[in-house]
Every structure is written in C-alpha cells, then in structure tokens.
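J.:
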Amino acid sequence: MSLLLMFHSFHVRSDNENVSLLILGDSLSAGYGIAEADGWVAEISRRWQAEHPQLQIINASISGETTSGGLARLESLLDRHQPTMVFIELGGNDGLRGFNLNTMENNLREMITILQSRNVQVALSEVEIPPNLGRRYTSMFRDVFPRVAKDFDIPLVPFFMREVALNPDYMQNDGIHPNLAAQPVIADLMEPKLRALLKELSS
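Everything in the sequence shown is counted per numbering that gives the first Met the number 0, starting at 0 for the first residue and increasing by one.
(1) Within its chain, find whatever has a CB closer than 8 Å to the CB of ILE111; leave out the 5 residues flanking it on each side and keep chain order.
(2) Using a Cβ-Cβ cut-off of 8 Å (strictly less than) and excluding sequence neighbours within five positions of HIS176, which residues of its own chain qualify?
(3) Please state the DSSP three-state secondary structure of PRO157.
(4) Is it true that the region 88–107 meets the region 42–53, where meeting means three or more beta-carbon pairs spaced less than 8 Å apart?
(5) In three-state DSSP terms, what is PRO177?
(6) So what does DSSP say about VAL126, is it helix, strand or coil?
(7) Do the region 104–118 and the region 68–79 touch if we need at least three Cβ pairs shorter than 8 Å?
(8) Okay, do the region 182–194 and the region 32–49 touch, 3+ Cβ pairs below 8 Å being the bar?
(9) Measuring CA to CA, which of VAL143, ALA164, VAL18 is closest to GLN182?
(10) Measure from the alpha carbon of ALA29 to the alpha carbon of each residue in ASN58, TRP47, VAL18, ASN172, then state which is nearest.
(11) Tell me the DSSP secondary structure of ILE61 in three-state form.
(12) According to DSSP, simplified to helix, strand and coil, what is PHE86?
(13) In terms of residue numbering, what span does the beta strand (DSSP E) encompassing GLY38 cover?
(14) Looking at LEU73: is its Cβ nearer than 8 Å to the Cβ of ILE113?
(15) Closer than 8 Å by C-beta to ARG266: which residues in its own chain qualify, once you throw out the five before and the five after it? Chain order, please.
(16) State the CB to CB distance for the pair HIS80 and SER138, rounded to an integer number of angstroms; the pair is presumed to be in contact (CB under 8 Å).
(17) Using DSSP with H/G/I as helix, E/B as strand and the rest coil, what is GLN120?
(18) Smallest Cα separation from MET103: which of LEU196, MET84, PRO129, ARG141?
(19) Rounded to whole angstroms, what's the CA-CA distance from LEU197 to VAL85? Just pull it up for me.
(20) By Cβ distance below 6 Å, which residues in the same chain neighbour LEU76 in space, the five residues on each side in sequence not counted?
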C-alpha cells in the first residue's frame, strides 16, 4: 500500500489535535547498550517536540522482545497510551533463536488484527537476520514481512539496520546492535518515514 493511498484512507484531523506513534520493538529500537535518552527514538522525539509538536512518539520497545512478547503486551499498551498508530519492529529475536516461523508470522498477524479491530493504524518494519541458521531459514524469515504487510494492506518500512550494519563504526562489538554513533544516523533515516506515516493524521 503506497503512503499516498494510505493517507487517503485516514481520518483527517485538525492542526491542533495531536497524533501519536507507538514503537513496539526490540533491542534495536530500545537502545541496547546505550542510554535510552541517546537512542534513535528519543532523538526523533526531541526533533518532533521542537519542529512538529502535534506529533508524539512513544517507545514501548524492550531488549530481547519477541513477537510473542509483543503480542502479550499489546492490549495493555493500547489501553495505557491510546496511540494513533503502532509501528511494529519485531521478529529479529524470533529469528536469531530459530523459532518456528509460522508462529512468528501468526503473532504478527494477530497483533495487526487487534490493532485494526481497535481502529489503530499500523505499519510493519522489515527485519533481517544473519545467515547463521542457513540460507533457507533466512530466506523464509525475510519473506514473512512483505507477505504479512501485503495481506493486511499496511505500510512496510525498510529495515533501518541495512544502512548501518555493514559499517563497523556504527556497530557494537557484538556485531548485532548499533552503537551510540549510529543513533542519529538511524534517526535521520527513520524520522521522515515515520513523519510521513503520521502526516495526514495531523493535517
């Protein structure tokens, strides 16, 4: 679904009515290994406070989170924060642990179903994993995200780690998590994409 078509499907709100985006992610969004205030989500929040105060961002990401964990937490997060949109960045830990991909996919589908039943807009992040578990598993894992996004007709956001993972200056020693220097780079990549997802809601 294109962003333009998605915009036309939204209810248009007044300029002074806030819209909020909840990030439901794992360590890549939670800021593993660095202070939460230094993470890319916090950086976007600071930019929006200064430049787009009608847009709010809520970081509900937890290091080590799986799709099962995200599903278990989802309804309580919705009750607490009542977001306009949820951006799901989950699946990496399922893949790194070799979890059943049908279970992972079903968890994503159930989360999206819950969100849509509550009239909450949803966007899904692509996720990729190292090929440690073999080419077949890695390929099947990667294919889950565009398939789910297509089936639910929701935006699929490119995986932000593609832009930093191959640069050792942006990675922690574990080779998995972005370091402090990578956070503003990720914010530069993600801020316009996330703002575009909310643009029509605040216009």
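Glycine included, every Cβ here is placed at the ideal spot set by N, Cα and C.
T.: The short version:
(1) Locating residue 111 in the sequence shown gives position 112, where the first residue counts as 1. Same-chain partners within the cutoff: ILE87, VAL121, LEU123, VAL147, PHE151, ILE153.
(2) The residue labelled residue 176 in the question sits at position 177 within the sequence shown. Counting only Cβ-Cβ distances below 8 Å, and skipping sequence neighbours, we find SER26, LEU27, TYR31, GLY32, MET170.
(3) The residue you call residue 157 lines up with position 158 of the sequence shown. If DSSP states are grouped into helix, strand and coil, PRO157 belongs with coil.
(4) no
(5) Taking the first residue of the sequence shown as position 1, residue 177 is located at position 178. Residue state, collapsed to three classes: strand.
(6) Mapped onto the sequence shown, residue 126 falls at position 127. Coil at VAL126, not helix or strand.
(7) yes
(8) yes
(9) Residue numbering aside, residue 182 sits at position 183 when the sequence shown is read from its first letter. Checked all of VAL143, ALA164, VAL18; the closest Cα to GLN182 is ALA164.
(10) Counting from 1 along the sequence shown, the entry for residue 29 is found at position 30. The shortest Cα separation from ALA29 among ASN58, TRP47, VAL18, ASN172 belongs to ASN58.
(11) Position 62 of the sequence shown, counted from the first residue, corresponds to residue 61. ILE61: coil per DSSP, three-state reduction.
(12) As a working note, residue 86 is residue 87 in the sequence shown. It is a strand residue.
(13) As a first step, residue 38 must be located in the sequence shown, where it is residue number 39. Segment: none, GLY38 is in no beta strand (DSSP E) and carries neither H nor E.
(14) In the sequence shown, the residue the question calls residue 73 occupies position 74. In the sequence shown, the residue the question calls residue 113 occupies position 114. For LEU73 and ILE113, yes; Cβs fall inside 8 Å.
(15) There is no way to answer for residue 266, as the model of the chain reaches only from 0 to 202.
(16) Your numbering for residue 80 matches position 81 in the sequence shown. Your numbering for residue 138 matches position 139 in the sequence shown. Incorrect: roughly 35 Å between the Cβ atoms, too far for contact.
(17) Position 121 of the sequence shown holds residue 120. Of the three classes helix, strand and coil, the one that applies to GLN120 here is strand, per DSSP.
(18) As a first step, residue 103 must be located in the sequence shown, where it is residue number 104. The shortest C-alpha separation from MET103 is found at ARG141.
(19) One-based indexing of the sequence shown puts residue 197 at position 198. One-based indexing of the sequence shown puts residue 85 at position 86. Approximately 11 Å between the Cα atoms of the pair.
(20) Locating residue 76 in the sequence shown gives position 77, where the first residue counts as 1. Only ALA59 meet the Cβ criterion.
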